[in-house]
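Some notes on the structure that comes next.
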Amino acid sequence: MRAMSNWKWLFGAFFLSALISSQCVRSLNPSLNDDVLGLIVFKADIQDPQGKLTSWNEDDVVPCNWTAVRCNPRSNRVTELTLDGFSLSGRIGRGLLQLQFLRKLSLSKNNLTGTIIPHLSILQDLRVIDVSDNSLSGSIPDDFFKQCGSLRVISLAKNQFTGKVPGSLSSCSTLAAVNLSSNQFSGPLPSGIWELNGLRSLDLSDNLLDGEIPKGIEAANNLRAINLSKNRLTGIVPDGIGSCFLLRSVDLSENSLSGNLPQAMQKLSLCKYLSLSKNSFEGEVPKWIGEMKTLETLDLSGNRFLGQIPTTIGNLQSLKALDLSANGFTGSLPVSIANCKNLLALDCSHNSLTGDLPEWVFSDDKLKLQVLDLSGNGFSNVIVPAIGYSSSLQFLNLSRNSLVGTIPSTVGEMKALNVLDLSDNQLNGSIPLGIGGAYSLRDLRMERNKLSGNIPVSIGNCSALTSIILSENNLAGTIPEAFAKLTNLQNVDLSSNKLTGSLPKQLANLVHLFRFNISHNNLQGELPAGGFFNTISPFSVSGNPSLCGAAVDKSCPAVLPKPIVLNPNSSSDSTDGTLPTNPGHKRIILSISALIAIGAAAVIVVGVIAITVLNLRVRSSTSRSAAALTLSAGEDYSCSPTTDANSGKLVMFSGDPDFSTGAHALLNKDCELGRGGFGAVYRTVLRDGHAVAIKKLTVSSLVKSQEEFEREVKKLGKVRHPNLVALEGYYWTTSLQLLIYEFVSGGSLYKHIHEGSGGNFLSWNERFNIILGTAKSLANLHQSNIIHYNIKSSNVLIDSSGEPKVGDYGLARLLPMLDRYVLSSKIQSALGYMAPEFACRTVKITEKCDVYGFGVLVLEVVTGKRPVEYMEDDVVVLCDMVRGALEEGRVEECIDGRLDGSFPAEEAIPVMKLGLICTSQVPSNRPDMAEVVDILELIRSPSEGQEDSG
């Protein structure tokens, strides 16, 4: 777009501020007609990020060839301006008032802000105004429509307008369609609204309107559609509605309307859609409802209707959707409903219906139902085999009834079924083998019944399954390996059954899994390793005494006792932190025949003796093993020239500590500090009293060659920052790699936030300092071209002075390739911190991944909640929870309640907003860590340091 000359910009600004007359405009610049000038000034007020308006050139004589502009071919005056979905932002300027012959103005689906132009309707030829789906706000002047000329359509829907609906609206006698929905208009409906006798469509839904529906609606006898839903209207429906014979659609749902249905409503013989749901209507549904024979949708749900469902509903031959849920209906379901041949959805849930489950609802000869919900009633007896005849049924909910007997095997013939919910009944027997035939199933719920037997292997044929809930039954046997074939599984609950055996290891490959509850069964053995099971909630595996693994805080016994090996060049990579033995040590192995011959008492004695001997060997060989570790220190990172096959290579980046005592610590499980995706960490004290932390890497098969390994480690060793855990050295053999770090005594940030006891928790001042220090450390890493890859609260340590120190940085660089699968399998404990681009192979992994993890960490520190919280019936993602609270204006409720209000809101809320910005789904929308540091330092209030640190 050609830049405007300075005088034209000045003139545009002058025009905007003073609204000088068109005659003055022409005298200043005869070459610009009113329409060109008006559109150019309008354009100056908006932003056009996609360049949709590049054809708008102020040097053109007329604008008729411009994008989105339409002119009268005779006069070349603008008659239509249609800019729907152009991604425009900014304000609607007064330049549009120059378009004196404009008939249609459509600016919908943009991001325009500010208020609507006062008196826009004074444009006498304007017939259509559509500014829907923007971010416009403020109130509409009461006299906005006073001079509305020929206006026929006005849509202000999906904005943020407030105040009352302008009373002058009733003076627009030519109006045919009014849509003010999805705003925040309040107060009563204008009393003269029904005087618009030409009105065909009125939509005031989803506002804050209150009071009664004004009388006199019979005057608006041209109405085809009325929608007053989602407001706060009270009182009764006026009888006059029955005089609006042309009504096709009536939606009065989600208000506080009461009383009986007005009998005059039966006169609406053309009505196809009637929704009165979620009000307080009462009494019996009148029999005359069957006279509204053109109805396709009838929704009376969520009211106080009583008595039996009228049999006359069967007269509604055109009915496609019937919702009578959440009322007080009693008796049985009328057989006459089977006459509604076009019925696709029937919802009678949450009533007090009784009797046998009607067989006719499952007959394809009578109905072609796609949705059937009879849950929350008192239906009894058995589920009839005819259920399998429902070839079109996609959703079936029979939960919370009193059904007995077995589940018919014919359920497997329901090929279209997506959801099957039979929970909370008294069903017995086994899950039918034929269930695998319902291969479209996505959600299967049978919890809280009396089911027994095994879970059928055929369930593996239902490849679309995302949720399986079978808890609180008497199911036995093992969990089928076929579960591992269900690659879409997200939510599994098998708790409170009698399941036995071990869990299939292949379950770890289910990448979408976020809940797997197997608590209170008789399962045994080791939990699957990797994937979701690295972070499974202890609640989900409790009540299985024979299960072992980290989640149940119980180590798994080895199949055969292994000798302790102290040879650092051994090909085996011990996972318990022990170092390999010297190959010269002999292994004592008893023969199988001897073991069989020895009695139980002898086994115990031999075991005690063997353990004692092995412990003595370990202690005696420690000094020899340590002696094999040669040391060479200095800033040039020189190392020992030894070539002994039994010795490794030890490099310390500074000082000359005696490392010989460090090997002994690795043999002692009591010195283990923790385990992560890359290995176990042990604390040891060197002979000079210097404490260090030693990470024994468990990725030996994936680690780079010695040359590449040393190059990467030395790069990390050069990084120094007060908020980073210093790497002090490393030890290398082909099968064992150790990283030697400074020891940080204060524990992890995770423990401070989530495991603090009593009143021992972080104050706001401490939390802010931790956030700021962590940000500075990441900014320093990024400046050195190092990506952390694994930022989380357990990798942020707190030193004795309360300062944060970030550890485990850059370890992914030790792998031969940054493969996402390898990475995800090594840092699954970072669930909730991982940026979405890890799931997309086509998006480059950059520093913005660290920014995402940091954003989650910020929210974790401020709220005191984990990134992902596993509830009994739900999973709460922290980012989503805070973002939702912010949108609803209750973000302060998210701040950790333990702070008890002792935090400055002017700091806490901006910090949370910064956390949300950092967790943007689009990497380019996240700030750099250097920018994050600057923002945090700006947020810090002048009262810094004065807050009570207790």
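Note that the sequence shown covers residues -22 to -1, 1 to 928 in mature numbering (1 follows the signal peptide of the UniProt record, and there is no 0). Where is the CB? At the ideal position from N, CA and C, for every residue including glycine.
| Gly194 - DSSP class collapsed to helix/strand/coil | In this structure, Gly194 counts as coil in the three-state DSSP scheme.
| Can you check whether the CB of Ser387 is closer than 8 angstroms to the CB of Pro410? | A Cβ-Cβ contact shorter than 8 angstroms links Pro410 with Ser387.
| task | Could you tell me which residues DSSP pairs with Val156 in its beta bridges? | result | Note: Val156 sits in a beta bridge opposite Ile132, Leu180.
| query | Terminal residues of the continuous alpha helix (DSSP H) containing Asp38? | reply | Segment: none, Asp38 is in no alpha helix (DSSP H) and carries neither H nor E.
| Opposite Pro216 in the DSSP bridges: which residues? | Bridge partners of Pro216: none, in fact.
| query | In the DSSP assignment, what are the bridge partners of Asn359? | reply | Answer by DSSP bridge pairing, in chain order: Leu381.
| Would a C-beta distance cut-off of 8 angstroms place Leu276 and Leu300 closer than the cut-off? | With contacts defined by Cβ atoms closer than 8 angstroms, Leu276 and Leu300 form a contacting pair.
| query | What are the boundary residues of the alpha helix (DSSP H) that includes Asp912? | reply | Per DSSP, Asp912 belongs to the alpha helix (DSSP H) from 907 to 917.
| request: Would you be able to state if there are at least three C-beta pairs under 8 angstroms between the stretch 707 to 719 and the stretch 879 to 893? | output: Taking 8 angstroms as the limit for Cβ pairs, the verdict is that the stretch 707 to 719 does not touch the stretch 879 to 893.
| request: Write down the C-beta distance between Asn205 and Ser159 rounded to the nearest angstrom, noting that I regard them as a contact closer than 8 angstroms. | output: Asn205 to Ser159, Cβ: 7 angstroms. Contact.
| request: Use the C-beta contact count for Asp786: other C-beta atoms within 10 angstroms, 16 or more gives buried, fewer gives exposed. | output: Answer is buried; the Cβ neighbour count reaches 16.
| If you follow the alpha helix (DSSP H) that Ser755 is part of, which residue opens it and which one closes it? | Taken as a continuous stretch (DSSP letters only), the alpha helix (DSSP H) holding Ser755 covers 742 to 761.
| message | Could you check whether Val846 and Val855 sit closer than 8 angstroms to each other, using their CB atoms as the reference points? | response | Going by beta carbons, Val855 and Val846 fall inside the 8 angstroms limit.
| query | What are the boundary residues of the beta strand (DSSP E) that Tyr719 is part of? | reply | Tyr719 -> beta strand (DSSP E) spans 715 to 720.
| In chain order, what residues of the same chain lie with their CB nearer than 7 angstroms to the CB of Gly585, ignoring the 5 residues before and after it? | The pLDDT assigned to Gly585 is 48, lower than 50, so where the model puts this residue is not dependable; a value taken from the coordinates is nonetheless given after this. Excluding sequence neighbours, Gly585 sits near nothing in its chain.
| Cβ contact check for the stretch 47 to 54 and the stretch 100 to 120: 3 or more pairs under 8 angstroms | Pairwise C-beta distances place the stretch 47 to 54 out of contact with the stretch 100 to 120, as fewer than three of them are shorter than 8 angstroms.
| query | Taking the C-alpha atoms as reference points, what is the distance between Thr272 and Leu297? | reply | Rounded to whole angstroms, Thr272 to Leu297 spans 8 angstroms at the Cα level.
| task | Would you mind working out which of Val131, Leu322, Asp26 sits nearest Leu180, comparing C-alpha positions? | result | Among Val131, Leu322, Asp26, the Cα nearest to that of Leu180 is on Val131.
| Mapping DSSP to helix, strand and coil, what is Cys440? | Note: Cys440 maps to coil in three-state DSSP.
| query | How close, in whole Å, do the beta carbons of Ala454 and Lys476 come, if the pair is a contact with beta carbons under 8 angstroms? | reply | About 5 angstroms; that satisfies the 8 angstroms criterion.
| field | C-beta atoms of Leu311 and Leu350 nearer than 8 angstroms | value | At a Cβ-Cβ threshold of 8 angstroms, Leu311 and Leu350 do not count as neighbours.
| Could you give the uninterrupted runs of the beta strand (DSSP E) lying entirely in the stretch 76 to 115, keeping only those of 3 residues or more? | Every beta strand (DSSP E) of 3 residues or more that sits fully in the stretch 76 to 115 is shown, in chain order, as 82 to 84, 89 to 91, 106 to 108.
| task | Ignore the nearest five residues each way along the sequence and tell me which others in Lys673's own chain have a CB closer than 6 angstroms to its CB. | result | Once the five neighbours on either side are set aside, the close Cβ partners of Lys673 are Gly657, Val659, Leu717.
| task | Return the chain-ordered list of same chain residues with a C-beta closer than 6 angstroms to the C-beta of Lys826, the five sequence neighbours on each side being excluded. | result | Contacts found: Pro901, Arg904.
| task | List the whole-angstrom C-beta distance separating Val834 from Met890, where the pair is believed to meet the contact cut-off of C-beta under 8 angstroms. | result | Contact doesn't hold; Cβ gap of about 12 angstroms is too wide.
| In or out: Glu690 buried (at least 16 other Cβ within 10 Å) or exposed? | So Glu690 counts as buried.
| field | Alpha-carbon to alpha-carbon, Lys30 and Val40 | value | So the alpha carbons of these two residues sit roughly 18 angstroms apart.
| field | Buried/exposed call for Cys534, threshold 16 Cβ in 10 Å | value | It counts as exposed.
| field | For Thr32, three-class secondary structure by DSSP | value | Taken through DSSP and simplified to helix, strand or coil, Thr32 comes out as coil.
| field | Rounded separation between Ser358 and Asp334 - CA only | value | Straight-line Cα distance between these residues: approximately 5 angstroms.
| field | Asn43 burial status per 10 Å Cβ neighbour count (16 or more: buried) | value | Answer is exposed; the Cβ neighbour count stays below 16.
| query | Who are the Cβ neighbours of Ile917 in its own chain at under 7 angstroms, not counting the five residues just before and after it? | reply | The beta carbon of Ile917 lies closer than 7 angstroms to those of Glu885, Pro888, Val889 in the same chain, with the five residues before and after it left out.
| said: Please report the distance separating the alpha-carbon of Glu815 from that of Ile823. | reply: So the alpha carbons of these two residues sit roughly 7 angstroms apart.
| request: Would you grab the beta carbon distance between Ile731 and Ser779 for me? Rounded to a whole angstrom, and I think it's under 8 angstroms. | output: About 18 angstroms separates the beta carbon of Ile731 from that of Ser779, a gap too long to meet the 8 angstroms contact definition.
| field | DSSP three-state assignment for Trp710, whether helix, strand or coil | value | In this structure, Trp710 counts as strand in the three-state DSSP scheme.
| Counted within 10 angstroms of its Cβ, other Cβ atoms place His490 as buried (16 or more) or exposed | An exposed status is given to His490, since fewer than 16 other beta-carbon atoms sit within 10 Å of its beta-carbon.
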